[in-house]
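Following: one structure in structure tokens, then a few remarks.
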């Protein structure tokens with residue numbers, strides 16, 4: 211996935227890329243590229259241009275992060291290997307990414323799922339931890355679930371990219387959402403579920419993806435269990451249908467409820 215500017219001026223979240231490179235080939239290419247720093251932390255293989263002393267603390271915390279994600283979503287996670295590639299600058303990142311994924315060169319982070327391999331590319335800088343957690347959310351989910359609707363995938367990544375003590379809260383999204391609600395704009399539903407590719411997504415889509423996921427995980431035990439059951443059924447490879455249709459069925463007048471939820475949220 212790749213990360214775009216954050217809403218309203220600097221966000222477009224991330225974009226999932228599925229490439230057709232064999233997983234084994236990708237690992238060989240990384241291993242033979244002569245990275246200054248190479249080591250393994252649990253199921254994460256790290257290839258870095260930045261010293262281990264700088265990246266080790268947030269990388270070490272990814273194990274706790276995965277446990278937090280698993281607990282919040284009540285998912286059993288697979289211990290799927292993840293390749294983490296850390297670049298020292300945007301220049302280095304672009305030089306490496308341009309011949310491989312030219313559409314992602316303006317992004318500071320990228321998740322790629324190939325045959326048997328999950329890879330996170332991220333630039334070391336001010337937003338390193340946030341971008342790392344966003345892309346690692348994608349990697350964790352795609353290592354444990356057979357598929358995810360685009361809008362659910364992005365909403366979850368937006369939720370989990372923030373520090374754990376924020377419990378998924380994104381103030382800039384909340385403020386913008388409340389401003390729109392004053393003008394009687396609705397939180398998108400069908401438009402989100404009709405998205406066929408990340409290239410179709412705009413900043414407001416990422417905001418509304420986050421809004422529904424945050425609503426589900428915080429509005430009530432019923433809404434939280436609804437999302438957990440939905441993801442659990444995906445993990446069991448069941449045909450799950452529309453999450454938003456489920457929300458409306460289980461929580462009648464869900465549009466009114468989500469609007470009231472954000473108006474009352476402090």
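Numbering (my numbering), first residue to last: 211 to 476. Yeah, the Cβ is synthetic: ideal placement off N, Cα and C, and Gly gets one too. All of these numbers come straight from a predicted model, not from anything done at the bench.
Taking a contact to mean a Cβ-Cβ separation below 8 Å, would you say residue i touches residue j in this structure?
{"i": "residue 369", "j": "residue 424", "result": "yes"}
{"i": "residue 408", "j": "residue 468", "result": "no"}
{"i": "residue 250", "j": "residue 269", "result": "no"}
{"i": "residue 426", "j": "residue 417", "result": "no"}
{"i": "residue 453", "j": "residue 362", "result": "yes"}
{"i": "residue 331", "j": "residue 303", "result": "yes"}
{"i": "residue 472", "j": "residue 344", "result": "no"}
{"i": "residue 298", "j": "residue 322", "result": "no"}
Under a CB-based cut-off of 8 Å, is residue i close to chain B?
{"i": "residue 251", "result": "Judged by its chain identifiers, the structure shown contains no chain B, having just a single protein chain."}
Since residue i and residue j are thought to touch, with beta carbons under 8 Å apart, how far apart are those beta carbons, to the nearest angstrom?
{"i": "residue 349", "j": "residue 292", "result": "5 Å"}
{"i": "residue 341", "j": "residue 290", "result": "That belief does not hold up - the Cβ atoms of residue 341 and residue 290 are roughly 20 Å apart, past 8 Å."}
{"i": "residue 333", "j": "residue 314", "result": "Their Cβ separation, rounded to whole angstroms, is 11 Å, which puts residue 333 and residue 314 out of contact at 8 Å."}
{"i": "residue 279", "j": "residue 445", "result": "About 13 Å separates the two Cβ atoms, so there is no contact after all."}
{"i": "residue 447", "j": "residue 309", "result": "Rounded, the Cβ-Cβ distance is 36 Å, inconsistent with contact."}
{"i": "residue 354", "j": "residue 288", "result": "5 Å"}
{"i": "residue 338", "j": "residue 275", "result": "That pair is no contact at about 14 Å."}
{"i": "residue 402", "j": "residue 382", "result": "With 8 Å as the limit, residue 402 and residue 382 do not qualify as a contact, their Cβ atoms being about 19 Å apart."}
Run through DSSP, which three-state label would residue i get?
{"i": "residue 235", "result": "With a pLDDT of only 44 at residue 235, under the threshold of 50, the placement of this residue in the model should not be trusted; the figure read from the coordinates follows. It is helical."}
{"i": "residue 258", "result": "strand"}
{"i": "residue 472", "result": "helix"}
{"i": "residue 347", "result": "helix"}
{"i": "residue 213", "result": "With a pLDDT of 40 at residue 213, under the threshold of 50, the predicted position of this residue should be treated as unreliable, and no value is reported."}
{"i": "residue 321", "result": "strand"}
{"i": "residue 464", "result": "helix"}
{"i": "residue 406", "result": "coil"}
{"i": "residue 336", "result": "coil"}
{"i": "residue 435", "result": "helix"}
{"i": "residue 356", "result": "coil"}
{"i": "residue 423", "result": "helix"}
{"i": "residue 196", "result": "Given that the chain is displayed from residue 211 to residue 476, the structure contains no residue 196 and the question cannot be resolved."}
{"i": "residue 288", "result": "coil"}
{"i": "residue 362", "result": "helix"}
{"i": "residue 269", "result": "helix"}
{"i": "residue 315", "result": "coil"}
{"i": "residue 429", "result": "coil"}
{"i": "residue 225", "result": "Because the pLDDT at residue 225 is just 40, under 50, the model does not fix this residue reliably, and the point stays unresolved."}
{"i": "residue 396", "result": "coil"}
{"i": "residue 412", "result": "coil"}
{"i": "residue 310", "result": "coil"}
Which residues mark the beginning and the end of the beta strand (DSSP E) in which residue i is found?
{"i": "residue 297", "result": "292-297"}
{"i": "residue 400", "result": "Run containing residue 400: none in the beta strand (DSSP E); it sits in the alpha helix (DSSP H), 400-403."}
{"i": "residue 372", "result": "Note, residue 372: premise wrong, no beta strand (DSSP E); not H, not E."}
{"i": "residue 328", "result": "327-333"}
On the DSSP letters alone, give me the boundaries of the alpha helix (DSSP H) that residue i sits inside.
{"i": "residue 251", "result": "No alpha helix (DSSP H) contains residue 251, which is instead part of the beta strand (DSSP E) from 247-251."}
{"i": "residue 385", "result": "381-392"}
{"i": "residue 276", "result": "272-283"}
{"i": "residue 300", "result": "300-307"}
Using CA atoms only, rank isn't needed, just tell me which of the options is closest to residue i.
{"i": "residue 457", "options": "447, 473 and 439", "result": "439"}
{"i": "residue 247", "options": "324, 398 and 295", "result": "295"}
{"i": "residue 365", "options": "419, 357, 354 and 390", "result": "419"}
{"i": "residue 421", "options": "431, 447 and 379", "result": "379"}
{"i": "residue 455", "options": "316, 436 and 347", "result": "436"}
{"i": "residue 326", "options": "311, 476, 352 and 459", "result": "352"}
{"i": "residue 430", "options": "449, 410, 442 and 460", "result": "460"}
{"i": "residue 400", "options": "328, 273 and 465", "result": "465"}
{"i": "residue 476", "options": "392, 388, 255 and 410", "result": "388"}
{"i": "residue 329", "options": "311, 376 and 335", "result": "311"}
{"i": "residue 273", "options": "305, 324 and 255", "result": "255"}
{"i": "residue 394", "options": "336, 470, 451 and 411", "result": "470"}
{"i": "residue 358", "options": "244, 451 and 263", "result": "451"}
Is residue i near the ligand MN, going by C-beta to nearest heavy atom under 7 Å?
{"i": "residue 324", "result": "Inclusion of the ligand MN in the displayed structure is not the case, the ligand content being empty and no account of it being possible."}
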